[in-house]
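For reference, the structure is listed below as structure tokens.
Number of protein chains: 2
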Amino acid sequence: MIRVGIIGYGYMGQLHKKKIVQSGQARVVAILDKEQRRREEGLSDGYHVYSEKQLETFFKETMDLVIVATKIEERAYYATQAMTAGFHVLCEKPVAMNMKELEEIIAISDKTGKKFTVHQPRRFDRDYLILKEVIDSHVIGDVHTIESRVHGERGILFGWRGREKSGGGLLNDWGTHLIDQYLQLFPEEKVIRIECRLRSILVEDVEDYVELNLTFSNNVYAKIVLTTFALCEMPRWFALGNRGTLRLDDMTGENGSIVRLKTEVDVEELSKRGSVAPSLTLAPLDNLYKEKIPLPNEGDTTMCFWNSLIAALKGEGEFLVKTEDTIRQMKILEAARLSSETNQSVDVNI
Amino acid sequence: MIRVGIIGYGYMGQLHKKKIVQSGQARVVAILDKEQRRREEGLSDGYHVYSEKQLETFFKETMDLVIVATKIEERAYYATQAMTAGFHVLCEKPVAMNMKELEEIIAISDKTGKKFTVHQPRRFDRDYLILKEVIDSHVIGDVHTIESRVHGERGILFGWRGREKSGGGLLNDWGTHLIDQYLQLFPEEKVIRIECRLRSILVEDVEDYVELNLTFSNNVYAKIVLTTFALCEMPRWFALGNRGTLRLDDMTGENGSIVRLKTEVDVEELSKRGSVAPSLTLAPLDNLYKEKIPLPNEGDTTMCFWNSLIAALKGEGEFLVKTEDTIRQMKILEAARLSSETNQSVDVNI
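Right, here's the structure in full:
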């Protein structure tokens, strides 16, 4: 059994605990949290508990992995302390406030030989896996534009997520996941241009609306829209190819459609049929030429991230989220903020 | 009865003819077209017909208005000729290839005292009127982001619309309408920043995918997405306010929804209820706090543009589309092309 310690037993720390229990291949041994009520929760869950001041004693536990799930401003500190004490680290995303802190983490990892990896389970989200399969298989031809959206309804960023000095804001909170998904789509390509607009609509201190556009070196335009406050629905994904279109309505991977030109249809033929509304140009295409492809079924992916992590800890594979992935993400987050502050697009090579 | 001559009896010229007949207050007297088959159509519709070489004779007809519905590269020529010959002009949009041509048109209008106005009937589209009413009434609070989309399915731009030298391309063809709608939304505001991405997906010579973002001086971000080739549907409009959201699914103005916080709900309350999926931050809001507002019914607006034009010709009102509107549009089209060519946003004051 893999033995795990958790620093920060809030919402995310407890989610990790659930996954650990569910895996059947790992167990939690100890919790460290600065809040009394979190320690009481850890105690009633049957773990050894430690306060902030007992970090050294916590590190005397026998553990294969330390999970850092604190607010962002504390992550670099705990991650470096844990590696120095001899533990591999799984850190919540983003791992640090900025590139400088990330560089310190990398330096400690290099020095101690301990791995640090990042919680990026959304690489296994069913909606995302469908998108990836559609793109990789060219079923809708070459994709040129992709829209990725996640909308909340409550207009709120809880606790430290709403405070700038703690690393809050929707770009860090959700942007990091959605950027990571895009980077995994085109592993051979670089991001060459970044445009970003961050706005504070209902939360004062940080952005609660994000629009981030990444241009890849293969000329794919990858868009992200994030808001805490949209009361009408929009699709999770929308991707346009030169042979068809994908729309995924939500994260279940069960609602949406893939519509493409029938394989034998030549683009030249498209002018021949179709009525003329709303205009000559933008008229519908006769159904004769189109076919609907069933959505791929990705099965149950809820444990994939954890299973791969445990395998890597057992020496049965690589850690999924690599240092270079985390560096690329941090560079994109920083360029996005620069773009938003200057109201200009930023040329990059990330 | 208002007497009308039409130069260019293609798809749009014949659409004008239908509207003229439908109005019951105007009639077509003469057609000029360079193509034999168009003249034959005009003849069989009962009008005097003229070839390109007979422009002078055409201008000897007794007419209150000349409609210019040729390809874009010929519009400035015919518009200035018609005003010089003593006629008011209704021109298709955009009226000219560039600002220089537009300035020539304005100079002739000033010199002759003849009015020129532009065909912008989409100011009366039912979907647009709903959007405008929602924004003006603040029913979803202050709007900060609006998305305007029109998607075709056939991946084609017919005839001259697909040729750059004739003024083709989706930005001119549809962009002009959607820009005009946005400019009418905020008559007191300036456009201060323009970002644009023009792409050729299935058509070679011109753009058949347009993404155009306008930032207004009131900080509203107004987006346009146009494509000739999307086989899955997306909403016509999506508008985010700080009290609610509007989504209109199509141009009928009958499908969509307006959802807002109940008037008595304070934003502070929103954290108190709601489940936690897909995450703590982006969770749904309890229905207790939301209300659905019925879509306004805009009635039959199909003749509004034409009725206002005829009223102006009778001296019973102003021409709806003014010279300054057309100048703003042309400046935006030019800045959009510059933005797309340079891959940078363009600061403007339009």
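Heads up: the sequence lines are chains A and B, in that order.
For the first sequence, the residue numbers in UniProt numbering are 1 to 350.
For the second sequence, the residue numbers in UniProt numbering are 1 to 350.
Glycine included, C-beta positions come from ideal geometry on N, C-alpha and C.
Given the structure is predicted, the values throughout are model-derived calculations rather than measurements.
- For A:Ala222, no CB of chain B lies under 9 Å from its own CB, so it is not counted at the interface with that chain.
- Taking C-beta atoms under 8 Å as the contact rule, A:Glu74 and A:Met12 fail to qualify, at a distance of about 13 Å.
- The beta strand (DSSP E) runs lying completely inside the stretch 63 to 133 of chain B and spanning 3 residues or more are 65 to 68, 88 to 91 and 116 to 118, given in chain order.
- In summary, B:Met63 is buried, with 16 or more beta-carbon neighbours lying within 10 Å of its beta-carbon over all protein chains present.
- No Cβ-Cβ contact shorter than 9 Å links B:Phe238 with B:Ile156.
- According to DSSP, B:Phe238 shares a beta bridge with B:Glu147 and B:Arg247.
- In the structure shown, the three-state DSSP call for A:Gly42 is helix.
- Residue environment for A:Met83: buried (at least 16 other C-beta atoms within 10 angstroms of its C-beta).
- Under the Cβ distance rule, A:Thr245 counts among the residues neighbouring chain B, one pair being separated by less than 9 Å.
- Here B:Lys18 is exposed. Its C-beta has fewer than 16 other C-beta atoms within 10 Å.
- For the pair A:Ala69 and A:Ile105, the CB atoms are not nearer than the 9 Å cut-off.
- In the displayed model, A:Ser166 falls within a helix according to three-state DSSP.
- Per DSSP, B:Ser339 lies in no beta strand (DSSP E); the unbroken alpha helix (DSSP H) holding it starts and ends at Thr323 to Thr342.
- Per DSSP, A:Tyr209 lies in no alpha helix (DSSP H) segment; the continuous beta strand (DSSP E) that holds it begins and ends at Tyr209 to Phe216.
- Around the C-beta of A:Ala26, 16 or more other C-beta atoms lie within 10 Å, and the residue is accordingly described as buried.
- Annotation for A:Glu195: the continuous beta strand (DSSP E) segment containing it runs Val191 to Arg199.
- The CB of B:Glu341 never comes closer than 9 Å to any CB in chain A; the least such distance is about 13 Å.
- By the Cβ rule, the stretch 302 to 311 of chain B counts as touching the stretch 112 to 132 of chain B, because three or more pairs are nearer than 8 Å.
- Contacts with chain A at 9 Å (Cβ-Cβ) do not include B:Pro294.
- Leaving aside the five residues that flank B:Ser257 on each side, the residues in its chain whose CB is nearer than 7 Å to its CB run, in chain order, Arg247 and Lys292.
- Under DSSP, B:Arg27 takes part in a beta bridge, and its partners are B:Arg3.
- By the Cβ rule, the stretch 128 to 139 of chain B does not count as touching the stretch 328 to 341 of chain A, because fewer than three pairs are nearer than 8 Å.
- Beta-bridge analysis with DSSP links B:Lys290 to B:Leu261.
- Burial is judged here by how many other beta carbons sit within 10 angstroms of a residue's own beta carbon; A:Lys114 has at least 16 and is buried.
- In the structure shown, the three-state DSSP call for B:Ala311 is helix.
- Using a Cβ-Cβ cut-off of 9 Å, B:Ser345 counts as an interface residue toward chain A, since at least one Cβ of chain A sits closer than that to its own.
- Of the residues assessed, B:Gln81 falls on the buried side of the cut-off, its CB having 16 or more other CB atoms within 10 angstroms.
- Burial of A:Lys223 is indicated by the presence of at least 16 other C-beta atoms within 10 angstroms of its C-beta.
- Within 10 angstroms of the beta-carbon of B:Met1 lie fewer than 16 other beta-carbons, which makes it exposed.
- For the set B:Ala230, B:Asn218 and B:Asp266, the Cα lying nearest the Cα of B:Asn349 is the one of B:Asn218.
- Nearest Cα to B:Glu195 within the set B:Glu153, B:Leu43, B:Arg38 and B:Val346: B:Val346.
- Residue B:Gly253 holds the alpha-carbon nearest to the alpha-carbon of B:Pro294 among B:Ala107, B:Gly253 and B:Leu90.
- Counting only the Cα atoms, B:Asn287 lies some 21 Å from A:Ile201.
- Taking CB atoms only, A:Met99 has no neighbour in chain B less than 9 Å away.
- The beta-carbon of B:Asp173 is placed less than 9 Å from the nearest beta-carbon of chain A.
- In the structure shown, A:Gly256 falls within a strand segment according to DSSP collapsed to helix, strand and coil.
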